[in-house]
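What follows is a short report on a single structure.
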Amino acid sequence: MRIVHYLNQFFAGVGGEDAAGAGPDLREGSVGPGRRLATLLGDEHPIVATAFCGDDHASGHPEFAAALVEEMREMGAELLIAGPAFTSGRYGLACGRIVSAAAEAGLPALAAMHPDNPGLAEAGGTPVVASGATAREMRPSLERLAAAARKLAAGEELTTEDGRIGLVPRTNGLAKRSAAQRAAALVLERLGGDREATEIPLPTFDQVTPAAPVANPADALVALLTEGGFVPAGNPDRLESARATKWVRHSLEGLDSVKAGEFESVHGGFSTQWANADPNRILPLDVARELEREGAIGGLHAEYFATTGNGTTVADARRFGVEWAAELHQANIKAAILTST
Amino acid sequence: MSPAGEDGGLRRLVHEVRELALGHRTLYESGRLTVSEEAARSLLRDPALAEVRLACASPGESVRIIGVLDAVQPCSKGPGGGGVFPGFLGPALPPGRGETHVLRGAAVLAAGHLPRAQEAVIDMSGPAAPLSPLAATHNLVIEFERAPDAAWEEVEAALRRGLLRLAVHLADAALEAEPDVVEVLADPAGSPDGRPRVGVVTNLQTQGKFKDVFVYGRSLSGGLPTLISPNELDDGAVVSGQYGHPALKNPTYLHQTHPVVAAVRERDDLWLAALVLCPEPVDQGTKELVSAHAARLCAGLGLDAAILTKEGGGNADADVSLKMDRLEEEGIATVGIFAEMAGRDGTGPSLVVPPSLAKAMVSTGNYDERISLPSCARALGGDRLALLDRPATDELELPAAAVYCALSPLGWGRLTCSEAA
Chain A
1 MRIVHYLNQF FAGVGGEDAA GAGPDLREGS VGPGRRLATL LGDEHPIVAT
51 AFCGDDHASG HPEFAAALVE EMREMGAELL IAGPAFTSGR YGLACGRIVS
101 AAAEAGLPAL AAMHPDNPGL AEAGGTPVVA SGATAREMRP SLERLAAAAR
151 KLAAGEELTT EDGRIGLVPR TNGLAKRSAA QRAAALVLER LGGDREATEI
201 PLPTFDQVTP AAPVANPADA LVALLTEGGF VPAGNPDRLE SARATKWVRH
251 SLEGLDSVKA GEFESVHGGF STQWANADPN RILPLDVARE LEREGAIGGL
301 HAEYFATTGN GTTVADARRF GVEWAAELHQ ANIKAAILTS T
Chain B
1 MSPAGEDGGL RRLVHEVREL ALGHRTLYES GRLTVSEEAA RSLLRDPALA
51 EVRLACASPG ESVRIIGVLD AVQPCSKGPG GGGVFPGFLG PALPPGRGET
101 HVLRGAAVLA AGHLPRAQEA VIDMSGPAAP LSPLAATHNL VIEFERAPDA
151 AWEEVEAALR RGLLRLAVHL ADAALEAEPD VVEVLADPAG SPDGRPRVGV
201 VTNLQTQGKF KDVFVYGRSL SGGLPTLISP NELDDGAVVS GQYGHPALKN
251 PTYLHQTHPV VAAVRERDDL WLAALVLCPE PVDQGTKELV SAHAARLCAG
301 LGLDAAILTK EGGGNADADV SLKMDRLEEE GIATVGIFAE MAGRDGTGPS
351 LVVPPSLAKA MVSTGNYDER ISLPSCARAL GGDRLALLDR PATDELELPA
401 AAVYCALSPL GWGRLTCSEA A
């Protein structure tokens, strides 16, 4: 089976953080950890090319994935392998996106990353196997990835025994009876002593370790972020009022506060009357500027980021988080105030 | 004749509607409902409305209704019957006794723009039709234009009054007709004959203008859970003024025909003992208070089990989950009805806030999964679907979330969600 291997700029040998903005490209044969992977896969499944992209580019330009997949298909790829991305968020996001785009285009795909990698959700229902947390665990991670790839190439399904991680998709269908009738039947089961019967298994949520406190706020650049559907009046980017699939950014340069009539909230989950009467109550620019003048903070980031947190999927919210973190990191921002509504 | 009217129960006189048309005189005869355009216009007349248009949409037709707001089942208690929709059309006093005429298989609904109303779609035929209770009814659809100077709140109030008046006007046409079925609804305070006593706990959305639900014409916002007889629903004790969350919306029609109340009533091994209505507060402290209070109320009623329903997505999950946990602590077996928000590919966490003690949950489907709707011949409620900026009659791909009542938190639908085989 003809395999294309996806890596980020670092593992592809293009460069470190300085090269994170590099655009997507393809190179013949295997590169970096791909050489070891090729050995493990053997002659039966050659790595015919290595695709790569800078992590910042991949997180800021989701369309990189579909374009790369198109090129892979043109060169006759039969399987895409991405990673291992370990716990690297942007790299994991890129791997998730590329395997998801491949699956959508009908190209079988497989990624490897640590179970805590925020890019895991981006893979959707496309298979992902667990890797170690860091590149120190490259060898066992590649061994597991190669074994999973051979199994996939043989047309078999991957299971948790192969190290498969990520959730199995839940899909809609019609039951024989209405939800109300099923609820009444479930009452009888519950009264009969069954404490476990349910149609919805309990979900598991991420545990996020907060960053360490900012040592000296007076030196720190601070960004203002919000999920309050906060946009310039008229909503030029058409940010959604619910189920947001994107986020927007707008300049705060030269503004001392955000004025009614110039900014508004398009959030569909609460009454925006008071927010629109004083937009600073969603994006606290007025008081943030005071802190800036007092020298309590080092400065404010020149733009704000906003999305709408209303029925937004966890996968989209996680992606926004990874993208925001990458942007802020790049701009040397040390702290952010994210107002929630 | 059963003395249900005297012993605290309600007699429901059901007239089936199998055909709907506009005409000169409002008339109900052998399943055919004719609506006088003139009478309907006069009932809808209001300074806040510049214009109203009437149209019919029946099951199986190639019609799409967009911008669906509220829907109401025609009902009436006749002259001297005490009135329906207390607090709006009748005195604000508890109804639910005596006799009520209902036109089953018909609905009056409004479609168009209101602020904060998220765009809701009903297809009267095709793959989305089985997902909506209002695709199975003969609908009198009211389209409208706002009067130039009218406030949107006035437009909303005018539509609500108009729909309720029209619902009574239509059912009045059947007062003299022989009912197709007479259903006797027992007094919930009566004897359960050893059956488990089940309460239905229904959370009503209370989020202010255009997102409020009324009990006897009043919002429950700021209040505590309250007990009413399920039989009062038939007489319109609960009226919706909530236009968000199309698939997770509970229109007046579904309160009148409350699916969980009906499902418990139809079983001979459960006894429908109570309906508890609760506000859905927007802050955590009040959610906890309302949940603890609802559980105490249910314990005080001596319930063996409870079924919980909600309205809306996201934070409304917390109201159900907290109540499930508090009820289980009171020793009451509890089942919650939830819609899942598992993302477009169904791999996200299903619930925003799951219960921690209770586990028995019923799924009304994944809100984010997409569904393809074929093009249709005619659209009501608007020419363009703003959500996609496309002509309303086009072939559309939408999340299940946009289909009216598709994930009915009151348990109407058969849609559910499970792990792919």
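For the protein sequence lines, the chains are A and B, in the order given.
Under the working numbering, the first residue of the first sequence is numbered 1, with each subsequent residue one higher.
Under the working numbering, the first residue of the second sequence is numbered 1, with each subsequent residue one higher.
Backbone N, C-alpha and C fix where the C-beta goes; we use that ideal spot for every residue, glycine too.
Practice item. Taking only beta carbons into account, state which residues of the region 189–208 of chain B come closer than 8 angstroms to chain A, listed in chain order. Key: Listed by position along the chain: Pro196, Val198, Gln207, Gly208.
Check your understanding: Does the distance from the C-beta atom of Arg104 (chain B) to that of Glu178 (chain B) stay below 7 angstroms?
Key -> Residue numbering aside, residue 104 (chain B) sits at position 104 when the second sequence is read from its first letter. Residue numbering aside, residue 178 (chain B) sits at position 178 when the second sequence is read from its first letter. Contact: no.
Exercise for review: Would you mind stating whether Pro115 (chain A) and Ala130 (chain A) have Cβ atoms separated by less than 7 angstroms?
Suggested key: As a first step, residue 115 (chain A) must be located in the first sequence, where it is residue number 115. As a first step, residue 130 (chain A) must be located in the first sequence, where it is residue number 130. Yes, the Cβ-Cβ distance between Pro115 (chain A) and Ala130 (chain A) is below 7 angstroms.
Exercise for review: Could you name the residues of the same chain whose beta carbon sits closer than 7 angstroms to that of Phe85 (chain B), not counting the 5 residues immediately before and after it, in chain order?
Suggested key: Your numbering for residue 85 (chain B) matches position 85 in the second sequence. Result list for Phe85 (chain B): Leu164, Gly236, Val239, in chain order.
Practice item. Using DSSP bridges, identify the partner residues of Ser265 (chain A). Key: Numbered from 1 along the first sequence, position 265 holds the residue referred to as residue 265 (chain A). DSSP, once it has assigned bridges, lists A:Phe230 as partnering Ser265 (chain A).
Check your understanding: Taking only beta-carbon atoms, is Thr160 (chain A) less than 7 angstroms away from chain B?
Key -> Working through the first sequence from its first residue, we reach residue 160 (chain A) at position 160. Not a single C-beta of chain B is nearer than 7 angstroms to the C-beta of Thr160 (chain A).
Point to revise | Continuous beta strand (DSSP E) stretch holding Val182 (chain B): start and end | key: Start at 1 with the first residue of the second sequence, and residue 182 (chain B) comes out as number 182. From DSSP, the beta strand (DSSP E) with Val182 (chain B) extends over 181–185.
Practice item. Identify the continuous beta strand (DSSP E) that holds Thr313 (chain A) and give its terminal residues. Key: Start at 1 with the first residue of the first sequence, and residue 313 (chain A) comes out as number 313. Taken as a continuous stretch (DSSP letters only), Thr313 (chain A) belongs to no beta strand (DSSP E), as it is neither H nor E.
Practice item. Could you say which of B:Met361, B:Ala263, B:Gly312, B:Phe144 lies nearest to Gly336 (chain B) if we only look at CA atoms? Key: Within the second sequence, numbered from 1, the residue matching residue 336 (chain B) stands at position 336. Nearest in C-alpha terms to Gly336 (chain B), of all of B:Met361, B:Ala263, B:Gly312, B:Phe144, is B:Met361.
Review point. Does the distance from the C-beta atom of Ala112 (chain A) to that of Pro84 (chain A) stay below 7 angstroms?
Key: Residue numbering aside, residue 112 (chain A) sits at position 112 when the first sequence is read from its first letter. Residue numbering aside, residue 84 (chain A) sits at position 84 when the first sequence is read from its first letter. Taking a C-beta distance under 7 angstroms as the contact criterion, Ala112 (chain A) and Pro84 (chain A) qualify as a contact pair.
Check your understanding: Does Glu199 (chain A) have its Cβ less than 7 angstroms from a Cβ in chain B?
Key -> On the first sequence, position 199 is the one that residue 199 (chain A) refers to. Chain B contact via Cβ: present.
Check your understanding: In whole angstroms, what separates the C-alpha of Gly5 (chain B) from that of Val184 (chain B)?
Key -> Numbered from 1 along the second sequence, position 5 holds the residue referred to as residue 5 (chain B). Numbered from 1 along the second sequence, position 184 holds the residue referred to as residue 184 (chain B). Residue confidence for Gly5 (chain B) is low, a pLDDT of 43 falling below 50, so the modelled location carries little weight; the figure read from the coordinates is stated next. When rounded, the distance between both Cα atoms is 9 angstroms.
Review point. Buried or exposed: which applies to Arg11 (chain B), given that a residue is buried once 16 or more other Cβ atoms fall within 10 Å of its Cβ?
Key: If you number the second sequence from 1, residue 11 (chain B) lands on position 11. Arg11 (chain B) is buried by the Cβ-count criterion.
Practice item. Give the C-beta separation of Ala333 (chain B) and Val187 (chain A) to the nearest angstrom, bearing in mind that I take them to be a contact with Cβ-Cβ under 8 angstroms. Key: Numbered from 1 along the second sequence, position 333 holds the residue referred to as residue 333 (chain B). Numbered from 1 along the first sequence, position 187 holds the residue referred to as residue 187 (chain A). Ala333 (chain B) to Val187 (chain A), Cβ: 6 angstroms. Contact.
Review point. With C-beta atoms as the reference, is Leu175 (chain B) less than 7 angstroms away from His101 (chain B)?
Key: Indexing the second sequence from 1 puts residue 175 (chain B) at position 175. Indexing the second sequence from 1 puts residue 101 (chain B) at position 101. Yes, Cβ-Cβ distance for Leu175 (chain B) and His101 (chain B) is below 7 angstroms.
Point to revise | Alpha-carbon spacing of Glu19 (chain B) relative to Ala180 (chain A), whole angstroms | key: The residue you call residue 19 (chain B) lines up with position 19 of the second sequence. The residue you call residue 180 (chain A) lines up with position 180 of the first sequence. So the alpha carbons of these two residues sit roughly 28 angstroms apart.
Exercise for review: With 9 angstroms as the limit, tell me which residues of the region 252–282 of chain B have their beta carbon closer than that to any beta carbon of chain A; keep them in chain order.
Suggested key: The region 252–282 of chain B vs chain A, Cβ under 9 angstroms: His258, Pro259, Val260, Val261, Ala262, Ala263, Val264, Glu266, Arg267, Asp269, Leu270, Val282.
Review point. Is any heavy atom of the ligand FAD found at a distance shorter than 6 angstroms from the C-beta of Ile47 (chain A)?
Key: The ligand FAD is not among the ligands present in this structure, which contains no ligands whatsoever.
Review point. Whose C-alpha, out of B:Ala402, B:Leu114, B:Asp319, is nearest the C-alpha of Leu224 (chain B)?
Key: Translated into positions along the second sequence, residue 224 (chain B) becomes position 224. Ranking the options by Cα distance to Leu224 (chain B), first place goes to B:Asp319.
Exercise for review: For Glu16 (chain B), name the three-state secondary structure that DSSP assigns.
Suggested key: Counting from one through the second sequence, the residue named residue 16 (chain B) turns up at place 16. If DSSP states are grouped into helix, strand and coil, Glu16 (chain B) belongs with the strands.
Check your understanding: Does the region 371–380 of chain B touch the region 389–398 of chain B, meaning 3 or more C-beta pairs lie closer than 8 angstroms?
Key -> Taking 8 angstroms as the limit for Cβ pairs, the verdict is that the region 371–380 of chain B does touch the region 389–398 of chain B.
Review point. Quick one: any contact between the region 76–85 of chain B and the region 123–141 of chain B, if contact means 3 or more CB pairs under 8 angstroms?
Key: The answer is no - the region 123–141 of chain B does not touch the region 76–85 of chain B, with fewer than three Cβ pairs under 8 angstroms.
Point to revise | Opposing strand residues paired with Tyr6 (chain A) [DSSP bridges] | key: Within the first sequence, the letter at position 6 stands for residue 6 (chain A). For Tyr6 (chain A), which the question treats as bridged, DSSP gives the partners A:Ala51, A:Ala82.
Review point. How should Ala21 (chain B) be labelled, buried or exposed, when 16 other C-beta atoms within 10 angstroms of its C-beta is the threshold for buried?
Key: Here residue 21 (chain B) corresponds to residue number 21 of the second sequence, with the count starting at 1. Burial check for Ala21 (chain B): the Cβ neighbour count within 10 Å stays below 16, so the residue is exposed.
Review point. For Leu174 (chain A), does the count of other Cβ atoms within 10 angstroms reach 16, so buried, or fall short, so exposed?
Key: The sequence position of residue 174 (chain A) within the first sequence is 174, counting from 1. Residue environment for Leu174 (chain A): exposed (fewer than 16 other C-beta atoms within 10 angstroms of its C-beta).
**Study point:** Contact list for the region 111–133 of chain B against chain A, Cβ threshold 8 angstroms
**Key:** Along the region 111–133 of chain B, going in chain order, the ones with a CB nearer than 8 angstroms to a CB of chain A are Arg116, Gln118, Pro130.
Check your understanding: If we count the other Cβ atoms within 10 Å of its Cβ and call it buried at 16 or more, is Phe205 (chain A) buried or exposed?
Key -> Indexing the first sequence from 1 puts residue 205 (chain A) at position 205. Exposed.
Review point. Taking three-plus beta-carbon pairs below 8 angstroms as touching, is the region 66–73 of chain B in contact with the region 377–392 of chain B?
Key: By the Cβ rule, the region 66–73 of chain B counts as touching the region 377–392 of chain B, because three or more pairs are nearer than 8 angstroms.
**Study point:** Thr286 (chain B) - DSSP class collapsed to helix/strand/coil
**Key:** Taking the first residue of the second sequence as 1, we reach residue 286 (chain B) at position 286. If DSSP states are grouped into helix, strand and coil, Thr286 (chain B) belongs with the helices.
Check your understanding: Quick one, which of A:Ala275, A:Leu224, A:Gln207, A:Tyr91 has its alpha-carbon nearest Glu292 (chain A)'s?
Key -> Taking the first residue of the first sequence as position 1, residue 292 (chain A) is located at position 292. That would be A:Leu224, whose Cα lies nearest to the Cα of Glu292 (chain A).
Exercise for review: State buried or exposed for Thr209 (chain A), treating a residue as buried only when at least 16 other CB atoms are found within 10 Å of its CB.
Suggested key: Residue mapping note: residue 209 (chain A) aligns to position 209 of the first sequence, counting from 1. Result: exposed.
Check your understanding: Are the beta-carbon atoms belonging to Pro230 (chain B) and Leu275 (chain B) less than 7 angstroms from one another?
Key -> Here the question's residue 230 (chain B) lines up with position 230 in the second sequence. Here the question's residue 275 (chain B) lines up with position 275 in the second sequence. Yes. Within cutoff.
Review point. When burial is assigned at 16 or more other CB atoms within 10 Å of the CB, is Lys287 (chain B) buried or exposed?
Key: Along the second sequence, read from residue 1 onward, the residue named residue 287 (chain B) stands at position 287. Its Cβ being crowded by 16 or more others within 10 Å, Lys287 (chain B) is buried.
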